[in-house]
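Contents: one structure, followed by commentary.
2 protein chains.
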Amino acid sequence: MARAATTTDVFNAIAEPGRRQILDLLANGELSVNELVEQLGLAQPQVSKRLHVLREVGLVLVRDDGRQRYYRLNGRALKPIHDWIRRYEQMWNDRFDALDDLLEELHDQED
Amino acid sequence: MARAATTTDVFNAIAEPGRRQILDLLANGELSVNELVEQLGLAQPQVSKRLHVLREVGLVLVRDDGRQRYYRLNGRALKPIHDWIRRYEQMWNDRFDALDDLLEELHDQED
DNA sequence: TTGATATATTCCCATATCGGTATATAATAA
DNA sequence: TTATTATATACCGATATGGGAATATATCAA
């Protein structure tokens, strides 16, 4: 087991840029696999494989309509990541930036 | 090239739970490698390897003090992830939950 | 039925990853 | 100098990964 299985870990699922790109496209509404293939410019199996991963971690939901399969975003599955990263949010907000500026100023004055 | 190189991608860097754990520990202040080894209960090389990845993507900064090397968090490097995920934030907030409840209610009434 | 279309899955290959162990390097102590 | 401590890196082996191509499956059309 080289790392936590991609298929069971949302953090891993979004580690691949192509999978994030799919989520970004689905943010505008559901798309069929072929529509994704067109917009991504990838081969169909690559798209299906990425969708498979995203589905396994619950990031996308599926609706069948005849031969097409429509995928839609399930943004709620991103919440664990948001919750984790929110703990660090203060580190780049205005208050900390202001503190950094102040420290830098003091540092410059040392010369 | 199996995926985007871990060492140059913050999304990949936080995909591994052990690396996130290190960041969580460093959130309380800087720690030497040995202090991390103790708190993590891992072998020293595993810790150094994880720190190496975190350092390459700029998530940790280093300060040498004699034989010890102190690592500290650079939370700012997490901002790209925060920026990306913020676009989805609305999908699990109260307003959407309320909408979901409403839709579910309407759906129930269909029977 | 046969054929076309939409999607998923399987297979192979090159490479990346992780864990473990051993070793290298650098700083300090004796 | 030699020994010890702190950390980094190299190596090895098992497994995971992603790309590409081929194939399976399911649905619809003729």
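Chains as they are written, first to last, in numbering that gives the first Met the number 0: chain A, 0 to 110; chain B, 0 to 110. Virtual Cβ for every residue (Gly too), placed ideally from N, Cα, C.
Of all C-beta pairs linking the stretch 15 to 30 of chain B to the stretch 45 to 52 of chain B, three or more are shorter than 8 Å, placing the two stretches in contact. For B:G28, the CB contacts under 8 Å within the same chain, skipping 5 residues up- and downstream, are R71 in chain order. In the three-state reduction of the DSSP assignment, A:D23 falls in the helix class, which pools H, G and I.
In the three-state scheme derived from DSSP, where H, G and I count as helix and E and B as strand, A:V36 is classed as helix. Inter-residue distance for A:D64 and A:L30 is about 11 Å (C-alpha atoms, whole angstroms).
Close CB contacts of A:Q38 within its chain, under the 7 Å cut and outside five residues either way in sequence, are with L24 (chain order).
Contact annotation: A:F10 and B:A26 have beta-carbon atoms that are not nearer than 7 Å.
B:Q108 and A:R86 have their alpha carbons spaced roughly 41 Å apart.
Listed in chain order, the non-local C-beta contacts of A:T7 below 6 Å within the same chain number zero, local neighbours out to five positions each way being set aside.
Here the C-alpha atom of A:D82 lies approximately 30 Å from the C-alpha atom of A:L102. Excluding sequence positions up to five before and after A:V56, its CB lies within less than 6 Å of the CB of V9, A12, all in the same chain and listed in chain order.
Of the residues A:L53, A:E34, A:N33, the one whose Cα lies closest to the Cα of A:G17 is A:L53. The three-state secondary structure of A:R62, taken from DSSP, is strand.
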